[in-house]
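> Counting in the numbering used here, the sequence shown runs from 48 upward without gaps.
We put the CB at the ideal spot given by N, CA and C, even for glycine.
Since the structure is predicted, the reported quantities are computational estimates derived from the model, not experimental observations.
Here it is, the structure in full.
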Amino acid sequence: MTRLDAILRRALDGATLAEAELEYLLRLDDPAACAALYAAACELKFREVGRGVYLRGLVETSNICTRNCLYCGIRKGNSAVRRYEFTLDEIVAGAKLAAEFGYGAAVLQGGERSDARFVDFVTEAVRRIGELPNAPALTLSFGEQTLETYLKWREAGAVRYLLRIETTDSGLYASLHPEGTLEGRKAALRRLREAGFQVGTGVMIGLPGQSTAMLARDVEFFRTVDADMIGMGPWIPHHGTPLGIAHMGTHADDLRRLELGLRMIAVTRLQLKDVNIAATTALQSISPADGRERGILAGANVIMPNVGDLKHRADYTLYDGKAGLDENAEAIRRKLDESLAEIGEFVRYGVSGTPRHYLKRTGARE
Ligand code: 5AD
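See the structure below:
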């Protein structure tokens, strides 16, 4: 048996892999070896979380942000961005569409702010979405907030929260984030747990200066922090950001980050087993025809199609070449049904898709 076969066999038998093994898998580059990795990840996925893909209707509520992260297109310092805020009615309309499509879950994501008006606005949006017929399970993604704010949003009815750690390497973290610290972000993840959320985290993959050893440690962080959900994707340069300007690169570089991103998904599936893992828009942006589908085939089980109105879509550009800028929610849904059928997959309509990991750790029922 080869080293690869032995590692995959151990993961399938339920073992927790060593960091050196995670890194070995992340460094695979032979196509047949990668195919074996993805096949093992899918076998484990089917056993641990079942068949089919959960959808979460995404509303990008606002691109107004108080932070200046060096990679992000909507950073405060990017004066070329046309700033917008969806109204409450527009946000609720997006969530309603998700419910009508049978997505079972919705995500509100936007720039990070913590002023009282913003906190109350989100609270009200959560409350109103909870009153919809077939109200979707609601995820929020608005960055670091106080425990008080997290509790307020949880009590208003939100059940999930996404807060990527972005990278667990303290030097790399500090070099990318003029505000905040790695320790502060970890503390925010703990507050989310304390507030009773199903917690999702994740990283960007292929950042300049990021090694495969760092990524292996990121996966170990996901496991030890006991995350319920993982959302991660390749870093993609944005022409209006300091990081993008310094490291623009070529399409071949994007494709290398896509491949590394797929291996990260597979390795995370093998190590964390029963979590929900998203195939993100960044995968699709590098490979519009099949990026997210390849994420599913590498072990992901969630996709977050946009359900927000088209009018502000192009203003929520975190990176260059973002996919789906001109497709309305209906067109996105139709294409997704088709492309998943093409890879032998299907959507699990009408269920909220609570992470199996969360159900196990809390004893809660779906
Ligand atoms: N490339 C890829 N992902 C990015 N994000 C922000 N900027 C970029 C970029 N240039 C991701 C971050 C953030 C999420 C909302 O978007 O990981 O948490």
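Consult DSSP for Q331 and reduce its assignment to one of helix, strand or coil.
By 1-based counting over the sequence shown, the position of residue 331 is 284. Three-state DSSP puts Q331 in a helix.
> Which partner residues does Y405 have in the DSSP bridge list?
By one-based count along the sequence shown, residue 405 stands at place 358. Bridge partners of Y405: none, in fact.
> Are the segment 124-139 and the segment 98-111 touching by the rule of at least three beta carbon pairs closer than 8 angstroms?
Touching, yes.
> May I ask you to check if the CB of Y208 is nearer than 8 angstroms to at least one heavy atom of the ligand 5AD?
As a working note, residue 208 is residue 161 in the sequence shown. Not so, every heavy atom of the ligand 5AD lies at least 8 angstroms from the Cβ.
> Taking L179 as the reference, give the member of R164, L317, G149 with the closest Cα.
Sequence index remark: in the sequence shown, residue 179 carries index 132 (1-based). Nearest of R164, L317, G149 to L179, Cα basis: G149.
> Nearest-angstrom Cα distance between S399 and G124?
Position 352 of the sequence shown holds residue 399. Position 77 of the sequence shown holds residue 124. If you take the alpha carbons of S399 and G124, they lie about 37 angstroms apart.
> So which of P255, H285, N323 has the shortest CA-CA distance to D273?
Reading the sequence shown from its first residue, position 226 is the one you call residue 273. For D273, the nearest C-alpha among the options comes from N323.
> Relative to the alpha-carbon of N115, which residue among P225, P255, D265 has its alpha-carbon at the smallest distance?
For the purposes of this step, residue 115 is taken as residue 68 along the sequence shown, with counting starting at 1. Out of P225, P255, D265, P225 has the C-alpha closest to the C-alpha of N115.
> At which residues does the alpha helix (DSSP H) containing S222 begin and terminate?
Taking the first residue of the sequence shown as 1, we reach residue 222 at position 175. Element bounds for S222: 217-223.
> Alpha carbon to alpha carbon, how far is D337 from Q331?
The residue given as residue 337 occupies position 290 in the sequence shown. The residue given as residue 331 occupies position 284 in the sequence shown. Roughly 7 angstroms between the two C-alpha positions.
> Going by DSSP, what residues sit across from I343 in a beta bridge?
Your numbering for residue 343 matches position 296 in the sequence shown. Its beta-bridge partners do not exist; DSSP assigns none.
> Would you kindly work out how many angstroms separate the C-alpha atoms of T409 and D275, rounded to a whole number?
Position 362 of the sequence shown, counted from the first residue, corresponds to residue 409. Position 228 of the sequence shown, counted from the first residue, corresponds to residue 275. C-alpha separation (whole angstroms): 11 angstroms.
> Got a sec: does the ligand MN put a non-hydrogen atom nearer than 8 angstroms to the Cβ of M251?
No copy of the ligand MN occurs in the structure displayed; its ligands are the ligand 5AD alone.
> Evaluate contact between the segment 57-73 and the segment 296-306, counting only Cβ atoms and requiring at least three cross-stretch pairs below 8 angstroms.
Output reads no: the segment 296-306 does not touch the segment 57-73.
> Cutting at 6 angstroms between CB atoms, please list the residues of its own chain near G253, excluding the five before and the five after it.
By 1-based counting over the sequence shown, the position of residue 253 is 206. Around G253: P281, W282, R304, L307.
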